Structures are given as C-alpha cells and as structure tokens.
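In UniProt numbering, the protein residues as written are 1 to 109.
By construction, the Cβ of each residue, glycine as well, lies at the ideal position given by its N, Cα and C atoms.
Note that this is a predicted model, so its numbers are computed, not measured.
Comments concern the structure below.
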C-alpha cells in the first residue's frame with residue numbers, strides 16, 4: 001500500500017489560516033505536474049472538496065488530498081511550511097526525489 005503524504009503542524013496551521021481568510025474549507029490539494037527545472041513540479045491549491053479516488057491525510061482537521069497519479073510520485077512525503085529570511089513557502093520533503101533544484105518546488109526521480 002502506498003503511504004499518503006502528511007502535513008506538519010506548521011503546514012496545517014498555515015493552511016487553516018489561509019482557508020479561513022478565503023472562506024474555504026481547510027483542504028490542501030497537492031499534485032505533481034511535468035515541468036520545472038528537474039522534470040516534475042509540485043502544485044498546491046485550496047480544494048473545495050475531496051474526490052472519491054483521492055488519498056487523504058489529516059492534521060488537526062486540515063486535510064491534505066492527493067490524486068492517485070500524483071501519489072505514486074510523492075508517497076511517503078511530508079509537507080511543511082517554512083519561514084526564513086528568503087520568504088515563506090510550503091516545502092515537500094520527498095523521499096523519492098533523486099534530484100532537486102534551488103527553487104524547492106521542482107524534483108526528479
């Protein structure tokens with residue numbers, strides 16, 4: 001069985017805050033698309049709901065949903081929210097990524 005990605009507490013808190021401001025459910029959709037510097041790139045967006053074939057994980061009532069095709073590329077990952085001098089961003093710690101790039105949103109397998 002494929003392991004669904006998980007959310008850190010920091011990511012869950014940030015998603016909840018964004019969802020509240022936009023009056024949307026606290027559901028983050030993570031998907032993978034072809035492109036980026038290393039072959040694949042992560043795509044984040046608030047979702048209005050969960051599709052029947054989505055993989056779902058939950059942290060403090062905040063849901064992370066991933067479609068079945070993307071799940072194969074990011075199984076076992078952790079989504080975190082990081083703030084630094086360079087800015088604030090969601091980061092994916094993907095154990096399957098064999099290559100990455102400086103932007104942190106692109107990876108290769």
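TODO: Could you check what DSSP says for residue 70 in three-state terms: helix, strand or coil?
DONE: As a first step, residue 70 must be located in the chain shown, where it is residue number 70. Residue 70 falls in the helix class under three-state DSSP.
Open item on the list: Just to confirm the assignment, what range does the alpha helix (DSSP H) spanning residue 9 have?
Closed with: In the chain shown, counting from the first residue as 1, residue 9 sits at position 9. That run of the alpha helix (DSSP H) goes 9-21.
TODO: Determine the DSSP secondary structure at residue 54, reduced to helix, strand or coil.
DONE: For the purposes of this step, residue 54 is taken as residue 54 along the chain shown, with counting starting at 1. Here residue 54 sits in coil by DSSP.
Task: Coarse secondary structure for residue 3, derived from DSSP in three states - done: Here residue 3 refers to the residue found at position 3 of the chain shown. If DSSP states are grouped into helix, strand and coil, residue 3 belongs with coil.
TODO: Put residue 26 into one of helix, strand or coil per three-state DSSP.
DONE: Numbered from its first residue, the chain shown carries residue 26 at position 26. It is coil, neither helix nor strand.
TODO: Please determine, among 91, 32, 28 and 11, the residue with the shortest C-alpha to C-alpha distance to residue 71.
DONE: Working through the chain shown from its first residue, we reach residue 71 at position 71. Ranking the options by Cα distance to residue 71, first place goes to 32.
Open item on the list: So the candidates are 43, 44, 40 and 68; which of them puts its Cα closest to the Cα of residue 51?
Closed with: Working through the chain shown from its first residue, we reach residue 51 at position 51. Nearest C-alpha to residue 51: 68.
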